[in-house]
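Following my numbering, the numbering of the sequence shown begins with 913 at its first residue and continues without gaps. No residue lacks a Cβ here, since even glycine has one placed at the ideal position from N, Cα and C. Have a look at the structure below, then the notes.
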Amino acid sequence: MEDHKKQMDKMVLMITQIGDSICQTIDRDNPDEVLGKLQELASLQGTASYCLAIAKQLHNSKIASLLVSGFYKDYNATDRKLIFLEVAKEEVFYLNLIERYVANISHSIESLRSILSFKKHELEQSKYQTT
């Protein structure tokens, strides 16, 4: 159980850092900042995927330990599910949070790529305009 706690603490730290990084704002009119943020998010994507795998593992481990304990064997499946959700609420919370972060990173990457593409198009069009 101590290993579970250490893994949980490590995962929570990584998820917090990912969340902090996602929340940082940039000037979307500055192509250098957009490119920098795009590179940062691409790097974070791997870490977030790793955290997602750890969160699923910790959640499944917690549920398995509850099932194996035998304490809940006299409850029906619906009651057990509700009890397990409550007992494993911290694991469920971080699992849901990192799933949302992974989705946010993917969408943000696509958004930043679109912004860069638009900026590139604007730059190409400005070459042909006379003042």
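Item	Value
Selection from Lys974, Lys1031, Leu1024 that minimises the alpha carbon distance to Ile938	Leu1024
Buried versus exposed call for Lys963 [16 or more other C-beta atoms within 10 Å across all chains shown]	What sits at residue 963 in the sequence shown is Cys, not Lys. Buried: at least 16 other Cβ atoms inside 10 Å.
Limits of the alpha helix (DSSP H) - the one that Thr959 falls within	943-981
Beta-carbon separation (whole angstroms), Ala967 vs Leu1007, contact threshold 8 angstroms	4 angstroms
CB contact flag (Val1014, Ser961, <8 angstroms)	yes
Short Cβ contact (8 angstroms threshold) for Ile1017 with Leu953	yes
Reduced DSSP category for Ala1000 - H, G, I as helix; E, B as strand; rest coil	coil
Buried versus exposed, by CB contacts within 10 Å (16 or more), Phe996	buried
Test item: CB-CB of Leu956 and Ser933 under 8 angstroms	yes
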